[in-house]
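Asker: Here it is, the structure, as structure tokens.
Protein chains in written order, with this note's numbering: chain A, 60 to 618; chain B, 14 to 428.
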């Protein structure tokens, strides 16, 4: 039966996307019998393109996909190239890693509270440095080019790209190559880019594509930080999908197809960029320039990543402060008074969403971990890993824009009569949780020294005993980390939660984004704080359990 | 042991399926159609039901009030109320429309909606509402101030016909901080002149936000050469001419607005935060005690006061309605009736709770209930009823849609 695990995993990863895409494409081309669309036509697309500012929305989504990915990848490359192996690197790496678990919406709220004209930075600087007793009337949030939105995405994608890069480094003999390049007189950065980066990039390429797909179709961060006139494509689609005028569903579906097109164009443009930078790299590789004096560039790398990290941490701090603030006038750096009133007020309303968030995340993540373990164990027993095709399957839910297929999936669940049920919501979360659990667990699993298993077999233990008594306990720590990652991913899901849950199953994240329209910083503070606290607690537990279990096992200890 | 891993997968999946199926089965217990006339049997039928109340959830204070009402109804009638917090009521309408399209004529997801205006008009037109007269037959209807509040029976020019139960009254009121602003405008024209002198200190929520659209309608109601035209459906050929004064005003106002009108707050609650942050000097809301409530909750400084235009501001009533396919109609009726009770209405009007004016006539109540209202303090920043000025009628709902569309065409894309 274990043999079926990979098939099951692939069905979970691909089935819903396929159904979702079909159920999105049919209405886009005019076919949706329950709404009176019985013949195929392009009228939905015609109506779509008559929308004011549509091209600009598409362009915003497109550029957000490229600029976000390019900027965050650049920061990661400069930092890893310039500092890997140093003490600074290790210290920062430990600081950045937890940021992966912070939901996008919470990070976006933090950024908004920080950099708004009446935000914390202005409050700290005023009136002493700026001379201002009132906030300046400047456009920072909701800027027309979506720069703030991209900023919010960049600070969140940096930790993700850094972690995938770090996990690819050991397979790239980074240290040896770097040392060799240095001994040939190359600067740290040039040496890294010539010798190590091509190999690393090949391994993290799908993750980079996932960032492009995400940044070009994001909804929650766009609602919180993005422009409104016009908004990027995906939040506008959500608006049409929810319009009382049902005829707009055709347009929304056509828009979803356009969103797919935008994401694909961004990916194709990225391929062109890859070619360009590869040529550039070859050029400098061949002309032998050493770039030995790269101190300034190294500093830029360090400063950028420190800045990005600081922004997220400071944002989270300011969220926490607002959640316990009394009256807080500009430009005071801190509130007049502190009170737990916002918490006390929010508490009754919090319980249901909190419970939903936790139960959905626990169920989706547990299923994902079990499936992942089954797939990986099957890999060991059959001696085949799925190769690069399997990797593509795993990444698929992250490469197709959510707006592109979750709409269709909603209709699909409606047909099944399963909409707004816990089952449907857990299932949809599973689609997005499974890839992350698989990705974060497959590397440590595959790096596991097979000789342990050989010794166990040699001593007479069977396949199952080896799994339960050797492999699983020794890999408990990465398994728990994978669980925590999956949990964090589930907590952060916004679009699938509002569409499939249909408001019946609110989570902390869907409530927080709903509250963002009210702009009440205290309540947003409460919800966003909880949003980041939940995954944090799970990561903490994931770290503590092995520490307790293995306190008498020197070589399994957490270092 | 051999297949244990997969067995776990299988059994988890099975139990999930089972529990989903069970949840489905219990919610579809057959029930006779309840009504407001045979109240005893409705109350009996309501016991144990779960009511999904879809109501805008952007204001914690209102959410708290709904939470309070839910706990009361639970205690007294055994009805469980779940507040589904929506960002835009139009989404709820679309849920019901989708259910009708999918043939789900009973057991719908929505039991009660907070609604008025265009959403009501749209649901009424598409026959998505529970039988006419359910609201006027509720026991507590006898207290409703039908005589003095014409907006209770005519919602944005559309007759309500007992298809929705009144919940609260709204009137457009402006607010300013006396610590910063000394003189306030008395009309839209004066507001524009004020903004010229105080650039960047005024804004309105981005239409189609309800309050933002209300601002547009207020301006047009003041400026239109023939306001009577607004009370009838939009005539497309005349629209440009009738609406021209509004867009002339906006063209003049926008360059002097917050962020030069290149960005807008999403809601009036966001404007309150902006006033507290000293970004805005004049804000407005559809609730006369908005500022008093905010002061009581540390959200605005206590120097904020209210004002209205002497020629009048828009006013309307907001309601609750029951979709035709709601799963727990008896429970919804019980909740709607409770929301209309003197006790719940007095609690709602308290500015430290919500501060939403009642739809009831105090003179129709018994002495005990009258005392509840007499006890209420209006709050430091709230105008007395006689100071609220004349009430301008809401235009026909088609104006709201048309104005929103035109607004989007003109200002939806910034340069």
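By construction, the Cβ of each residue, glycine as well, lies at the ideal position given by its N, Cα and C atoms.
Please read all numbers here as calculations on a predicted model, not as lab measurements.
To test your reading of the DSSP string, which unbroken beta strand (DSSP E) runs of 3 or more residues are found completely within the stretch 114-154 of chain B?
Answerer: Here the runs fully enclosed are 125-128.
Asker: So residue 184(B) is in the beta strand (DSSP E); what residue range does that whole segment cover?
Answerer: As a working mapping, residue 184(B) is identified with position 171 in the second chain. 177-184 is the span of the beta strand (DSSP E), which, as asked, contains residue 184(B).
Asker: Bridge partners for residue 404(B) per DSSP, in chain order?
Answerer: Taking the second chain and counting its residues from 1, one reaches residue 404(B) at position 391. Residue 404(B) pairs with 326(B).
Asker: Residues of chain B with CB closer than 8 Å to the CB of residue 93(A), please, in chain order.
Answerer: As a first step, residue 93(A) is located in the first chain; it is residue number 34 there, counting from the start. In chain order: 114, 115, 116.
Asker: Give the single residue among 390(A), 310(A), 496(A) whose Cα lies nearest to the Cα of residue 450(A).
Answerer: As a first step, residue 450(A) is located in the first chain; it is residue number 391 there, counting from the start. Nearest of 390(A), 310(A), 496(A) to residue 450(A), Cα basis: 496(A).
Asker: In terms of alpha-carbon separation, which member of 481(A), 513(A), 519(A), 538(A) lies closest to residue 504(A)?
Answerer: As a working mapping, residue 504(A) is identified with position 445 in the first chain. The shortest Cα separation from residue 504(A) among 481(A), 513(A), 519(A), 538(A) belongs to 538(A).
Asker: So what's residue 370(B) in DSSP terms, helix, strand or just coil?
Answerer: Within the second chain, the letter at position 357 stands for residue 370(B). It is coil, neither helix nor strand.
Asker: By the three-class DSSP mapping on this structure, what secondary structure does residue 215(B) have?
Answerer: Translated into positions along the second chain, residue 215(B) becomes position 202. Note: residue 215(B) maps to strand in three-state DSSP.
Asker: Does the Cβ of residue 264(B) have 16 or more other Cβ atoms within 10 Å, making it buried, or fewer, making it exposed?
Answerer: As a working mapping, residue 264(B) is identified with position 251 in the second chain. Result: exposed.
Asker: Using a Cβ cut-off of 8 Å, pull out every chain B residue sitting near residue 405(A), in sequence order please.
Answerer: Counted from its first residue, the first chain places residue 405(A) at position 346. By Cβ distance, chain B contributes 73.
Asker: Pull up the DSSP beta-bridge partners for residue 318(B), would you.
Answerer: For this step, residue 318(B) is matched to residue 305 along the second chain. 189(B).
Asker: Spell out whether any CB of chain A is found under 8 Å from the CB atom of residue 70(B).
Answerer: For this step, residue 70(B) is matched to residue 57 along the second chain. At least one chain A Cβ lies under 8 Å of residue 70(B).
Asker: Among 187(A), 249(A), 313(A), which has the Cα closest to the Cα of residue 91(A)?
Answerer: Taking the first residue of the first chain as position 1, residue 91(A) is located at position 32. Ranking the options by Cα distance to residue 91(A), first place goes to 313(A).
Asker: Mind reading off the beta-carbon distance from residue 436(A) to residue 61(A)? Whole number of angstroms is fine, and I expect it under 8 Å.
Answerer: Reading the first chain from its first residue, position 377 is the one you call residue 436(A). Reading the first chain from its first residue, position 2 is the one you call residue 61(A). Residue 436(A) to residue 61(A), Cβ: 6 Å. Contact.
Asker: Starting from residue 93(B), trace the beta strand (DSSP E) both ways and give me its first and last residue.
Answerer: Indexing the second chain from 1 puts residue 93(B) at position 80. Element bounds for residue 93(B): 93-99.
Asker: In chain A, what lies closer than 8 Å to residue 403(B) by C-beta?
Answerer: For this step, residue 403(B) is matched to residue 390 along the second chain. Chain A residues near residue 403(B): none, gap ~30 Å exceeds 8 Å.
Asker: In chain order, what are the residue ranges of uninterrupted alpha helix (DSSP H) at least 4 long that sit wholly in the stretch 208-282 of chain B?
Answerer: Complete alpha helix (DSSP H) runs here, min 4: 223-236, 249-266.
Asker: Suppose contacts are defined by Cβ-Cβ distances below 8 Å. Is residue 147(A) in contact with residue 361(A) by that definition?
Answerer: In the first chain, counting from the first residue as 1, residue 147(A) sits at position 88. In the first chain, counting from the first residue as 1, residue 361(A) sits at position 302. Yes, these two residues count as a Cβ contact at 8 Å.
Asker: Does residue 243(B) come within less than 8 Å of chain A when only Cβ atoms are used?
Answerer: If you number the second chain from 1, residue 243(B) lands on position 230. By this cut-off, residue 243(B) is not an interface position.
Asker: Contact check, residue 262(B) vs residue 237(B) under 8 Å by CB: the rounded distance?
Answerer: For the purposes of this step, residue 262(B) is taken as residue 249 along the second chain, with counting starting at 1. For the purposes of this step, residue 237(B) is taken as residue 224 along the second chain, with counting starting at 1. Going by Cβ atoms, the distance from residue 262(B) to residue 237(B) rounds to 11 Å, so no, they are not a contact pair.
Asker: Verify the CB distance criterion: does residue 78(A) have a CB-CB separation below 8 Å to chain B?
Answerer: Within the first chain, the letter at position 19 stands for residue 78(A). Taking Cβ atoms only, chain B never reaches closer than 8 Å to residue 78(A), which makes this a no.
Asker: Work out the CA separation of residue 319(B) and residue 202(B) for me, nearest whole Å.
Answerer: Translated into positions along the second chain, residue 202(B) becomes position 189. Translated into positions along the second chain, residue 319(B) becomes position 306. Each residue's alpha carbon lies about 19 Å from the other.
Asker: Tell whether a beta-carbon distance below 8 Å holds between residue 277(B) and residue 287(A).
Answerer: Within the second chain, the letter at position 264 stands for residue 277(B). Within the first chain, the letter at position 228 stands for residue 287(A). Against a cut-off of 8 Å, the Cβ pair of residue 287(A) and residue 277(B) comes out as a contact.
Asker: Beta strand (DSSP E) containing residue 64(B): first to last residue?
Answerer: Counting from 1 along the second chain, the entry for residue 64(B) is found at position 51. Element bounds for residue 64(B): 63-69.
Asker: If you check the beta carbons only, do residue 283(A) and residue 572(A) fall under 8 Å apart?
Answerer: Taking the first residue of the first chain as position 1, residue 283(A) is located at position 224. Taking the first residue of the first chain as position 1, residue 572(A) is located at position 513. Yes, they are a contact pair.
Asker: Three-state secondary structure (DSSP) at residue 285(A)?
Answerer: Counting from one through the first chain, the residue named residue 285(A) turns up at place 226. Residue 285(A) falls in the coil class under three-state DSSP.
Asker: Using a Cβ-Cβ cutoff of less than 7 Å, which residues in the same chain neighbour residue 291(B) once the five nearest sequence positions on both sides are dropped?
Answerer: Here residue 291(B) refers to the residue found at position 278 when the second chain is read from its first residue. Around residue 291(B): no qualifying Cβ.
Asker: For residue 79(A), count neighbouring Cβ atoms within 10 angstroms of its own Cβ and tell me buried if that reaches 16, exposed if not.
Answerer: Along the first chain, read from residue 1 onward, the residue named residue 79(A) stands at position 20. Result: buried.
Asker: Taking the DSSP output, what are the residues bridged to residue 298(B)?
Answerer: Numbered from its first residue, the second chain carries residue 298(B) at position 285. In DSSP, residue 298(B) forms a bridge with 186(B).
Asker: Could you check the C-alpha separation between residue 139(B) and residue 70(A) for me, to the nearest Å?
Answerer: Start at 1 with the first residue of the second chain, and residue 139(B) comes out as number 126. Start at 1 with the first residue of the first chain, and residue 70(A) comes out as number 11. C-alpha separation (whole angstroms): 40 Å.
Asker: So, is the C-beta of residue 283(B) closer than 8 Å to a C-beta in chain A?
Answerer: Residue mapping note: residue 283(B) aligns to position 270 of the second chain, counting from 1. Closer than 8 Å: yes.
Asker: Going by beta-carbon coordinates alone, are residue 115(B) and residue 554(A) separated by less than 8 Å?
Answerer: Stepping through the second chain from its first residue, residue 115(B) is reached at position 102. Stepping through the first chain from its first residue, residue 554(A) is reached at position 495. Against a cut-off of 8 Å, the Cβ pair of residue 554(A) and residue 115(B) comes out as no contact.
Asker: Whether or not the stretch 234-244 of chain A and the stretch 84-100 of chain A are in contact is what I'm after, with contact meaning three or more pairs of Cβ atoms, one per stretch, closer than 8 Å; do they touch?
Answerer: Result no; under three Cβ-Cβ pairs closer than 8 Å.
Asker: For the stretch 258-272 of chain B, which residues have a CB atom closer than 7 Å to at least one CB atom of chain A, in sequence order?
Answerer: So the close ones are 271, 272.
Asker: Take residue 382(A) as the anchor and find which of 158(A), 299(A), 394(A), 68(A) has the nearest alpha-carbon.
Answerer: By 1-based counting over the first chain, the position of residue 382(A) is 323. The shortest Cα separation from residue 382(A) among 158(A), 299(A), 394(A), 68(A) belongs to 394(A).
Asker: Would you kindly report the start and end of the unbroken alpha helix (DSSP H) that includes residue 116(A)?
Answerer: Indexing the first chain from 1 puts residue 116(A) at position 57. Taken as a continuous stretch (DSSP letters only), the alpha helix (DSSP H) holding residue 116(A) covers 113-142.
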